[in-house]
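Undergrad: My questions all concern the structure below.
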Amino acid sequence: MNSEASTQQLSYIANQASDARVNIELETEGMTLNLGPQHPATHGTLRIIVRLDGEQVVSAEPVMGYMHRGYEKLTEVRTYPQVTTLVNRIDWLGSFANEVPFILAAERLMEVEAPARAQWIRTALFELSRIANVVLFLGDMAVQLGATTPVFYAFRDREFVLNQIESVTGGRFHPNFDRIGGIKDDLPKGWIQETKDVLVRIHSFCEEMEDLVVGNEIFQTRTRGIGIIPADTGLAYGLSGANIRSSGVDWDLRRDGGVGLIHDQLDWKVWTHPDGDSFARYWVRLQEVRESCKMVGQILDGIPSGPIMAKVPRIIKVPPGEAYVETENPLGVMGYYIVSKGDLVPYRVKIRSASFNNVSITPWVLKGVYVPDVISILASLYFILGDIDR
Amino acid sequence: MTVFNLAIELAYWQQTVIRSVLGLVAVLLPAGTLVYLYLFKMMSFMQSRLGPMEAGPYGSLQLLAEVGKFLQKEDLFPRDADRVVFKAAPFVVLASTFLLVLVLPAGPDAWFINIDTGVFLALAVSSISVIGILMAGWGSASKYSLIGGLRAAGQLVAYELPLVLAVMGVVIQAGTLNVQEIVLAQANGEIFGWGGIGNPFIITQFLGFMIFLVAIQAELTQPPFDMPVAESEIVTGYLTEYTGMRFLLFFIGEFATAGIFSALAATFFLGGWYIPGLDPTDNLFNLIGPLVLVGKMLLVSFLIFWFRFTYPRFREDQLQQLAWKVLVPLSLVNIVATGVLKVIF
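For the record, the sequence lines run as chains A and B.
Under the working numbering, the first residue of the first sequence carries the number 1, and numbering increases by one thereafter.
Under the working numbering, the first residue of the second sequence carries the number 1001, and numbering increases by one thereafter.
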C-alpha cells in the first residue's frame, strides 16, 4: 500500500473514531441497507450489504452468486465447438469477445493457427463487440447519475453495431461464430462499406457523449475525486481493463499479450489516466471506443483475402495438455484455462472473468463514501452480472 | 368571485360549486398538459423515440389509460407501515397544491382569492408538501423511503429560502404583496418612460428569475435535484411503497405543482395574464387571460422540463452547498440592489 492509500485509510479510521464518539453522545445507531439483489442500480442481481452511518458507508460487502449458471462445470459435458454457445452468455453485451480466448486456447492445444483473413475478421468482430459493450456503459453511467437521456442515445447507436455483427454472424446477442481454426463464414457482400458508415455514427456518438456527459459540470462534480483507486491497490485486487488503466497503469493485453489477434499490426494507442477516480474510468472508456473505431476502420481497409478456415478434423479431439489464454475483453482481462485429456470434451475449464475481480474491490473503495457515490462508483467500475457469476 | 363580469349575483352555494370545479380544472389541466406534452412527448423526442402513439391520436389519450391502470391496482400497505400516516400523506401533498393555486389570478376579475398577502400565502402553503413527504417517508416503514423522505425534507427546507428571497425582489419592485397588483404593476409599468410592453420584471429581476427557476426545480424534486426520488440510488425514495391510487395522487401533485410554480414564475416575472398592447382593465382579459397564463406557464415549464431531461443529479451535500453558499447570497445581493435602485429611481 502506498503512502497516499495509507493516509486515506488512516484519515478514514480517524473519521470513524470521531464519528463513534459523536454517536455515543447523541446515541445514534447505524443502519444496514440491503442494496439488491433486486435494485435498479445493480443491473442484474448483485447484492451489496451496506452498513450506513447516516448516509455514509461504514462497510460494504458484495454478495455474489445470485446468477450462477455453472458454466465451468457445464463445459465438461460439451464438445469444444458447443462450448462457445455457453461462454458467449458470460458477458452478454460483448458476447463475441467471450468466445475468442476460449477458441485461442483450444487452438493452442491443437497447434493449429487460423488463416490471416480469419484472424482479421475475428479482430474486427472482437473490437465491434467491444464497441457494442462500452457504448452502453457510456450511456448507462449517466443514467446511474440521474441523466435519463444519454442511455437512449447509446441504445440507438449500439443498434447499428449489433446490426453489423448480426449480418456477419447471424446472431445479435449470441453470435456463436468463432470456430477452432477459423471462423464460420466469410463477410457478406457490402459489409465493409456499411460498417464504415456505422463507425462514423459511433464516432459522432462519442462526440455527443463528450459534450453531453463529460463536459457536464454536474457530472464532473459527481465523479471527479470520487472512488479513487491507487494503482498498486487496484493491481493488488486484480483489477484489469479500463479500470486499472484509469489508475495510470499502462497495461493492455491487446498490445502486451501477443496472442492470436492482429492488434499488433494496427496503429492505435493505449489510453491511461492518472487520477483513478470515477471520471477517469469514464473518460478512458470513451477514448477506448474511439480507438476501437480506429482499429476497425484500419481492419476494413487492410483485410487480406484468402481462406477463413484452417485444416481441422471434422470431429474435434483436443490432444492432452493444458493451456491458458487471456485477452483484453471489453470488461477487462478474460482468460480460459483448459485442461484436456485428449477427449471430445474438455476435462476442466476455469474461466477468469474480469468483473469478478473488478467487483472484489468494492469493500475497499466504498468505505466512507456517501450512498449516491456507491452507485456512481459501482457504475464506473462497470461490471456485468453474468461476468461475475458465470 | 365574480366570473367574467356576468352581472348576475350568484348564491353562495353556486359560487362554491363554480369555485370547486374551476379549482379542480386549474390543478388537473396543467398537470395533464405537462405530463402529455412534456413528459410523454418532448422527453421522447429528445431521446430519439416516439413516445406513446397507440392510445388516441399521437397517444393523446395515454394519460387516461395510465389513470385507468392506476385506479385498478390493489391498495397495498407495507406490513409495518403506520397506516394512518401512510394513507394521509398523498392528500397532504395534494392539499398544498390546491392551496397554492388559489392565489393565482387569471384575469382582472378572474381570481379565486384576492388578498393583500397573496405572495406570503403562496410561499407558506407551498411548504406544506414537505410535511406530506416526511409522512410518506416515515409511514412507509422502508429504509429507502426513510432516506428519501429525509433527503426531501432537507432539500425542500433549504430551497424554500432562495425561493422566498428571489420573490422579495419582485415584491420590492412592485411595492405590494398582492399577486393581482404585481401583475398590474408589470402591465402599467414603464421602461425608462416607454410603456410599450409594460415592465415585465424578468428584465429588471433576471437574477431573481433564474434563482426562482433553480429553486422551484429543487422544490419539485426534479433532476438535477431529484435525490429524494433518485431511482438509481434509493429506488424511488418516499414513493417506493406507494402504488395504485395513492401513487397517482403523488404523481398528479408533482406535475400540478410543476404547472402552478411555473404559472407563479410567469405571474411574478413575465406579466401573468397580461399581454402588451391591450388595456389591463379590459373585460376581454377575463376571457383570454387564462389562456395567456397557460401559454406563459408552458413556456416556463418547458425550461424546467428541459433541464430535467438533460442533467444528471447532484449529490445531497453538493445540493445544500449550492443552496446556502450560492443561491442565498446571490438572492440577498439581488434584494439589496433592488432596494437601492428602487430608492434612487
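We put the beta carbon where it would ideally sit given N, CA and C, even for glycine.
Below 8 angstroms on the Cβ atoms is my guess for V135 (chain A) versus I90 (chain A); work out the distance and round it to an integer in Å.
TA: Here residue 135 (chain A) refers to the residue found at position 135 of the first sequence. Here residue 90 (chain A) refers to the residue found at position 90 of the first sequence. Actually they do not touch by this definition, with Cβ atoms about 19 angstroms apart.
Undergrad: Taking only the alpha-carbon atoms, compute the straight-line gap between R108 (chain A) and T1221 (chain B) and give it to the nearest angstrom.
TA: In the first sequence, the residue the question calls residue 108 (chain A) occupies position 108. In the second sequence, the residue the question calls residue 1221 (chain B) occupies position 221. Taking the straight line from one Cα to the other gives about 58 angstroms.
Undergrad: Which word fits Y12 (chain A), buried or exposed, when buried means at least 16 other C-beta atoms lie within 10 angstroms of its C-beta?
TA: By one-based count along the first sequence, residue 12 (chain A) stands at place 12. Under this definition Y12 (chain A) is an exposed residue.
Undergrad: Considering Cα atoms alone, identify which of B:Y1038, B:F1206 and B:A1187 is closest to G1198 (chain B).
TA: In the second sequence, residue 1198 (chain B) corresponds to position 198, counting from 1. When only C-alpha atoms are compared, the closest one is B:A1187.
Undergrad: Between the C-alpha atoms of R156 (chain A) and S1048 (chain B), what's the straight-line distance to the nearest angstrom?
TA: For this step, residue 156 (chain A) is matched to residue 156 along the first sequence. For this step, residue 1048 (chain B) is matched to residue 48 along the second sequence. Their Cα atoms are separated by approximately 8 angstroms.
Undergrad: Who are the Cβ neighbours of L1330 (chain B) in its own chain at under 7 angstroms, not counting the five residues just before and after it?
TA: For the purposes of this step, residue 1330 (chain B) is identified with residue 330 of the second sequence, where counting begins at 1. Within the same chain, L1330 (chain B) has close Cβ partners L1207 and I1211.
Undergrad: Can you find a CB in chain B that lies within less than 8 angstroms of the CB of W60 (chain A)?
TA: Here residue 60 (chain A) is taken as the residue at index 60 of the first sequence, counted from 1. For the record, residue 60 (chain A) in the displayed sequence is Ala; it is not Trp. Chain B contact via Cβ: absent.
Undergrad: Assign P404 (chain A) to one of three DSSP states: helix, strand, or coil.
TA: Given that chain A is displayed from residue 1 to residue 390, the structure contains no residue 404 (chain A) and the question cannot be resolved.
Undergrad: State the DSSP-derived secondary structure class of T1002 (chain B), mapped to helix, strand or coil.
TA: Walking along the second sequence from the start, residue 1002 (chain B) turns up at place 2. Legend: pLDDT at T1002 (chain B) = 46, less than 50; position of this residue unreliable, value from coordinates given subsequently. T1002 (chain B) falls in the coil class under three-state DSSP.
Undergrad: Got a sec: which bits of the region 210-243 of chain A sit with their beta carbon under 7 angstroms from any beta carbon on chain B, in order along the chain?
TA: Listed by position along the chain: N216, I218, F219, T221 and R222.
Undergrad: Please classify V1103 (chain B) as buried or exposed, where buried requires at least 16 other C-beta atoms within 10 Å of its C-beta.
TA: Working through the second sequence from its first residue, we reach residue 1103 (chain B) at position 103. So V1103 (chain B) ends up on the buried side.
Undergrad: Report all residues from its chain with a CB closer than 6 angstroms to the CB of M1 (chain A); omit the five preceding and five following residues, and keep chain order.
TA: Sequence index remark: in the first sequence, residue 1 (chain A) carries index 1 (1-based). Here M1 (chain A) scores only 49 on pLDDT, less than 50, and its place in the model is too uncertain to base an answer on.
Undergrad: Applying a beta-carbon distance threshold of less than 7 angstroms, which residues of chain A neighbour P1384 (chain B)?
TA: Nothing about residue 1384 (chain B) can be read from this structure; chain B reaches only from 1001 to 1345.
Undergrad: Measuring straight from C-alpha to C-alpha, what distance separates R1313 (chain B) and L1022 (chain B)?
TA: Here residue 1313 (chain B) refers to the residue found at position 313 of the second sequence. Here residue 1022 (chain B) refers to the residue found at position 22 of the second sequence. So the alpha carbons of these two residues sit roughly 36 angstroms apart.
Undergrad: Let me make sure I understand the geometry here. Which of B:D1082, B:F1045 and B:V1214 has the alpha-carbon closest to that of L1163 (chain B)?
TA: As a first step, residue 1163 (chain B) is located in the second sequence; it is residue number 163 there, counting from the start. Closest by alpha carbon: B:V1214.
Undergrad: Name the chain A residues that come within less than 9 angstroms of P1224 (chain B), Cβ to Cβ?
TA: Along the second sequence, read from residue 1 onward, the residue named residue 1224 (chain B) stands at position 224. Correct list: G146, A147 and I218.
Undergrad: Using a Cβ-Cβ cut-off of 8 angstroms, state whether V371 (chain A) counts as contacting chain B.
TA: For this step, residue 371 (chain A) is matched to residue 371 along the first sequence. Yes, V371 (chain A) counts as interfacial toward chain B.
Undergrad: Thinking C-alpha only, which one of A:L385, A:R390 and A:M334 is nearest I103 (chain A)?
TA: For the purposes of this step, residue 103 (chain A) is taken as the residue at position 103 of the first sequence. Measuring from the Cα of I103 (chain A), the nearest candidate turns out to be A:M334.
Undergrad: With distances taken Cα to Cα, identify the nearest neighbour of S247 (chain A) among A:A236, A:E210, A:H273 and A:L385.
TA: Within the first sequence, the letter at position 247 stands for residue 247 (chain A). Answer by Cα proximity: A:H273.
Undergrad: Please tell me whether Y382 (chain A) has its Cβ less than 8 angstroms away from any Cβ of chain B.
TA: Along the first sequence, read from residue 1 onward, the residue named residue 382 (chain A) stands at position 382. For Y382 (chain A), the answer is no, since every Cβ of chain B falls outside 8 angstroms of its Cβ.
Undergrad: Flag this pair as touching only if the region 282-299 of chain A and the region 263-271 of chain A have three or more C-beta atom pairs under 8 angstroms; answer yes or no.
TA: Contact between the region 282-299 of chain A and the region 263-271 of chain A is present, because at least three Cβ pairs lie under 8 angstroms.
Undergrad: Taking all protein chains shown into account, do 16 or more other C-beta atoms lie within 10 angstroms of the C-beta of R224 (chain A), making it buried, or fewer, making it exposed?
TA: Your numbering for residue 224 (chain A) matches position 224 in the first sequence. R224 (chain A) comes out exposed.
Undergrad: Where do the N-terminal and C-terminal ends of the beta strand (DSSP E) with S393 (chain A) fall, by residue?
TA: With chain A running from 1 to 390 in the structure shown, residue 393 (chain A) is simply not present.
Undergrad: Quick one: list the residues of chain A neighbouring F1309 (chain B), beta-carbon separation under 7 angstroms, in chain order.
TA: For the purposes of this step, residue 1309 (chain B) is taken as residue 309 along the second sequence, with counting starting at 1. Per Cβ cutoff of 7 angstroms: T148 and T149.
Undergrad: Spatial neighbours of A142 (chain A) within its chain, please: CB distance less than 6 angstroms, with the 5 preceding and 5 following residues excluded, ordered by chain position.
TA: For this step, residue 142 (chain A) is matched to residue 142 along the first sequence. If we look at A142 (chain A) and ignore the five residues flanking it on each side, its Cβ neighbours are P150 and V213.
Undergrad: Compare the C-beta of I49 (chain A) against all C-beta atoms of chain C and say whether one is closer than 8 angstroms.
TA: Going by chain labels, chain C is absent from the structure shown, which instead holds the protein chains A and B.
Undergrad: Given a cut-off of 8 angstroms, decide if A1122 (chain B) and Y1159 (chain B) are closer than it, judged by their beta-carbon atoms.
TA: Numbered from 1 along the second sequence, position 159 holds the residue referred to as residue 1159 (chain B). Numbered from 1 along the second sequence, position 122 holds the residue referred to as residue 1122 (chain B). The answer is no: Cβ separation not under 8 angstroms.
Undergrad: Report yes or no: is there a C-beta of chain A within less than 8 angstroms of the C-beta of A1230 (chain B)?
TA: Translated into positions along the second sequence, residue 1230 (chain B) becomes position 230. It does; some Cβ of chain A falls within 8 angstroms.
Undergrad: Step through the CB atoms of chain A and report whether any lies within less than 8 angstroms of the CB of R1049 (chain B).
TA: Here residue 1049 (chain B) is taken as the residue at index 49 of the second sequence, counted from 1. It does: the Cβ of R1049 (chain B) has a partner Cβ on chain A nearer than 8 angstroms.
Undergrad: Can you give me the Cβ contacts of Q324 (chain A) inside the same chain, cut-off strictly under 8 angstroms, excluding the 5 residues immediately before and after it?
TA: Here residue 324 (chain A) is taken as the residue at index 324 of the first sequence, counted from 1. Note that residue 324 (chain A) corresponds to Tyr in the displayed sequence, not to Gln. So the list reads A105, G335, Y336, Y337 and I338, once near-sequence residues are dropped.
Undergrad: Start and end of the beta strand (DSSP E) containing D53 (chain A)?
TA: Taking the first residue of the first sequence as 1, we reach residue 53 (chain A) at position 53. That run of the beta strand (DSSP E) goes R47 to D53.
Undergrad: Closer than 9 angstroms between beta carbons: that is the criterion. Which residues of the region 1070-1103 of chain B meet it against chain A?
TA: Answer set for the region 1070-1103 of chain B: empty.
Undergrad: Closest to T32 (chain A) by CA distance: which of A:I49, A:G44, A:Q38 and A:A116 is it?
TA: As a first step, residue 32 (chain A) is located in the first sequence; it is residue number 32 there, counting from the start. T32 (chain A) has its Cα closest to that of A:I49, out of A:I49, A:G44, A:Q38 and A:A116.
Undergrad: Taking the alpha carbon of V1027 (chain B) as the reference point, which residue from B:K1143, B:A1256 and B:Q1062 has its own alpha carbon closest?
TA: On the second sequence, position 27 is the one that residue 1027 (chain B) refers to. The shortest C-alpha separation from V1027 (chain B) is found at B:A1256.
Undergrad: Touch check for the region 1245-1261 of chain B and the region 1060-1074 of chain B: three-plus C-beta pairs under 8 angstroms?
TA: The region 1245-1261 of chain B is in contact with the region 1060-1074 of chain B.
Undergrad: Mind checking if M1210 (chain B) is an interface residue toward chain A, Cβ cutoff 8 angstroms exclusive?
TA: Numbered from its first residue, the second sequence carries residue 1210 (chain B) at position 210. Not an interface residue.
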